Every structure is written in C-alpha cells, then in structure tokens.
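Numbering (our numbering), first residue to last: -14 to 236. Even glycine gets a Cβ: it sits at the ideal position worked out from N, Cα and C. In this text the structure is predicted, and so the values were computed from the model without any measurement. A short write-up of the structure that comes next.
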C-alpha cells in the first residue's frame, strides 16, 4: 500500500460568478493522490445554500476521489454568531474517524477554538477501542492546540484548558502525526511527543515569509509516514482565484 494525500485548509471560497466558473478541479489529468483532507474554513458564506453550492461544485470534479473535511471557525460564524448546525446539516459531523489501510484517521472539531468534554470522551474511547485495530494513527483538525509560532500570530490556538485536556489524552497513545490549519503558515513541531504540522493557507491571508498559497503533500505506506512536504503554488491572479485556477494543474 502506498498512499498520497493532500491536505488543504483555509480556502474560504466565495460564491461569486468567477469562483463558480473557475472552481478547482481537484482531479488532475493524471491524479496521483488517494484522497484529500480539508481542515476547515471552506467558504465565505456560512449558509446551507453556500455549503450546498460547495458540494455541488466539488462533486463532479472529484471524480470519485474521497474528500474528508472538518469545520473551521469561519464555517460556523456569521455576523459574530457561532452556530455549527448549518455545517452539520450539509457536511455531516464535525468529528469522526475512518480507516484507510492500516492507518486510523481521526477528525476533531475545534471550530469553536475549544474542545468540550463530550468530544474529549469520544476521542479517548476511540483511541482506547479503535486505535489498537490500526498500525498507525493521524489526527487532523482546524485549530492547533497551542501557538506554534507566536511571533507570526498569537491567540490562534485552543484555549489552555482544552489544550491540556487534549494533551493528557493523546500522550497515552501512539499517534504518528497531527495536522492543523487556522494559522495560515507552514510549520512543524511536537505536541505530547507527536509531530505536529500546520499548513499554508489555501486562499486566506498569508502569514508567512513565503508569500504563496499552498497545501501539504503527505506520503505513507504500511511502514508509516514517508514524506511530508509543503507545496506552494505560484499564482499572479486576484485573491482566492488561485486555487480555482491552478490546483488541477499543480496537483
């Protein structure tokens, strides 16, 4: 088994005519990836209609390639009011797990920049009961558990209580990788002994010296993760049209 996945986040597509007409065809001429993870902030218009439009545009272009998502803070916020029900009604649950080969993937919902006890109990039970069935485990979510590079931007992490509770759970299990979005820059560090990566934004404001949009390419096989590499897309168009214009070519 050799798997290549792409991780994109913080796209925040609008629903303009240009966006609709040049929406990304995620499937390249010769697709070489197995599935896509999207770690939140899907689009600008946080409504049932906006989310349904997103799925309508994505579905035929995926051509059967799985897309797994988890909500970001912008997916649940409208007019300073946070409500996850519109997201759930169209996209499904914010946290869940799935297996791919001998790897367990766990999505966490950090869209409120916190993790409640119900979800933490679910995570602990999942790691206790399901984790032993898989050789490897990857956790992905929108908001990182702490500010990895506070010099770039601070207060873009889970609240300290949630972070500590999450730490106390995951430290007891073998987790191969944690991937996060939200901060709009590429970085890697450790959390509870777990390699943790944040990814470049795929359409929102860039907070990095590398002034380019991007995504992560992750390759793994039965022996574990082989390569994690940020991919940057050179684009000279207007704002968020970059992905709508180039991702089919570059991916």
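Could you check what DSSP says for residue 206 in three-state terms: helix, strand or coil? To locate residue 206, count along the chain shown from 1; it is residue 221. Three-state result, residue 206: strand.
For residue 174, which beta-bridge partners are listed by DSSP? Here residue 174 refers to the residue found at position 189 of the chain shown. For residue 174, which the question treats as bridged, DSSP gives the partners 181.
Going by the CB atoms, is the gap between residue 158 and residue 185 shorter than 8 Å? Taking the first residue of the chain shown as 1, we reach residue 185 at position 200. Taking the first residue of the chain shown as 1, we reach residue 158 at position 173. Cβ atoms of residue 185 and residue 158: not closer than 8 Å.
Quick one: measure Cβ to Cβ for residue 55 and residue 93, integer angstroms, because I've assumed they're closer than 8 Å. To locate residue 55, count along the chain shown from 1; it is residue 70. To locate residue 93, count along the chain shown from 1; it is residue 108. About 7 Å; that satisfies the 8 Å criterion.
Assign residue 216 to one of three DSSP states: helix, strand, or coil. Stepping through the chain shown from its first residue, residue 216 is reached at position 231. Three-state DSSP puts residue 216 in a strand.
Along the chain, where does the beta strand (DSSP E) that runs through residue 143 open and close? Start at 1 with the first residue of the chain shown, and residue 143 comes out as number 158. Counted as a single uninterrupted DSSP element, the stretch harbouring residue 143 is not any beta strand (DSSP E), since DSSP gives it neither H nor E.
CB-CB under 7 Å to residue 96, same chain, minus the five flanking residues each way: which ones, in chain order? The count along the chain shown starts at 1 and reaches residue 96 at position 111. The beta carbon of residue 96 is closer than 7 Å to those of 25, 56, 57, 58, 60, 61, 69, 79 and 127 in its chain, skipping five residues each way along the sequence.
Is the segment 145 to 155 close to the segment 191 to 204, with three or more CB pairs under 8 Å? The answer is no - the segment 191 to 204 does not touch the segment 145 to 155, with fewer than three Cβ pairs under 8 Å.
Between the alpha carbons of residue 203 and residue 32, how many angstroms are there, rounded? Position 218 of the chain shown, counting from 1, holds the residue named residue 203. Position 47 of the chain shown, counting from 1, holds the residue named residue 32. For residue 203 and residue 32, the distance between alpha carbons rounds to 31 Å.
Nearest candidate by alpha-carbon position, reference residue 168, set 130, 115, 103 and 53: If you number the chain shown from 1, residue 168 lands on position 183. Residue 168 has its Cα closest to that of 130, out of 130, 115, 103 and 53.
How far does the alpha helix (DSSP H) with residue 41 in it extend, from its first residue to its last? Walking along the chain shown from the start, residue 41 turns up at place 56. In the DSSP annotation of this structure, the continuous segment of the alpha helix (DSSP H) that includes residue 41 starts and ends at 33 to 47.
Those runs of the alpha helix (DSSP H) which lie wholly inside the segment 87 to 164 and span at least 4 residues: Every unbroken stretch of the alpha helix (DSSP H) spanning 4 or more residues and falling wholly within the segment 87 to 164 is given here in chain order: 102 to 114 and 145 to 155.
Buried or exposed, going by whether 16 or more other CB atoms sit within 10 Å of the CB of residue 8? As a working note, residue 8 is residue 23 in the chain shown. Its pLDDT being 31, under 50, residue 8 is placed unreliably in this model, and the coordinates cannot settle the point.
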